[in-house]
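This report concerns only the one structure given below.
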Amino acid sequence: MRDSPDGLPRCPWSLATEDYRAYHDHEWGRPVRGDRELFERLTLEAFQSGLSWLTILRRREGFRAAFAHFRIETVAGFGPEDVARLLADPGIIRNRAKVEATLHNARVLVAWPEGRLTELIWSRAPAPGPA
Numbered sequence: 001m002r003d004s005p006d007g008l009p010r011c012p013w014s015l016a017t018e019d020y021r022a023y024h025d026h027e028w029g030r031p032v033r034g035d036r037e038l039f040e041r042l043t044l045e046a047f048q049s050g051l052s053w054l055t056i057l058r059r060r061e062g063f064r065a066a067f068a069h070f071r072i073e074t075v076a077g078f079g080p081e082d083v084a085r086l087l088a089d090p091g092i093i094r095n096r097a098k099v100e101a102t103l104h105n106a107r108v109l110v111a112w113p114e115g116r117l118t119e120l121i122w123s124r125a126p127a128p129g130p131a
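Here the sequence shown is numbered in the UniProt record's numbering, starting from 1 and rising by one per residue.
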C-alpha cells in the first residue's frame, strides 16, 4: 500500500490512471453477486485475455451497450446480425471467438435456474480466514 495524492492508502497499481483509481476504490476486492453481474465480469475477463485490464475498463460502457447491459436472456437471443454488429462496433474488442464464446455462455446460462451461476462461483470461494 502507498499513500496517494489525496492521502488515502492505495495499491501501487491503482495510482497509474484515474480509471484504475476508480476501479480500485469502488470495485476491486468487493464481492460480486448476481447472475447478470457475474456474467458481465466473466465476459469482460474473457475479452481481457491478452490485453490490459485498463483496455477493458476504458471500453466497459461500450461493452454494456453492445451486450444489452449483459442481460443474459437478451444476449442468448443474439443471432448472426448481432454478431456482425458486434464485430463492427469500435466500442468493444472485436474478436470473433470472444464474441461467439459470450453468446454461447449466455445460451448455456439461460437454461440454468436463476441464481445457479452465482451459486456455482461462490461455492468455490475459500473459507474466510484471518486477514
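Where is the CB? At the ideal position from N, CA and C, for every residue including glycine. Predicted model only: the values in this text are computed from it and were never measured.
- For R96, the three-state secondary structure derived from DSSP is helix.
- For F63, the uninterrupted alpha helix (DSSP H) segment begins and ends at W53 to A66.
- A straight-line Cα-Cα distance of about 42 Å links R96 and D3.
- The alpha-carbon of Y23 is positioned some 14 Å away from that of S52.
- Under DSSP, D3 forms a beta bridge with P9.
- Less than 8 Å separates the beta-carbon of A65 from that of G91.
- Classified as exposed, R33 has fewer than 16 neighbouring CB atoms from the shown chains inside 10 Å of its CB.
- Straight across, the Cα-Cα distance linking G29 with T74 is about 28 Å.
- Of all alpha-carbon atoms in P5, M1 and E18, the one lying nearest the alpha-carbon of P12 is that of M1.
- Only residues of its own chain outside the window of five on either side were considered, and among them F78 have a CB closer than 6 Å to the CB of L103, listed in chain order.
- D89 sits in coil when the DSSP states are folded into three classes, being neither helix nor strand.
- If you compare the alpha carbons of F47, T55 and Y20 with that of F67, the shortest gap goes to F47.
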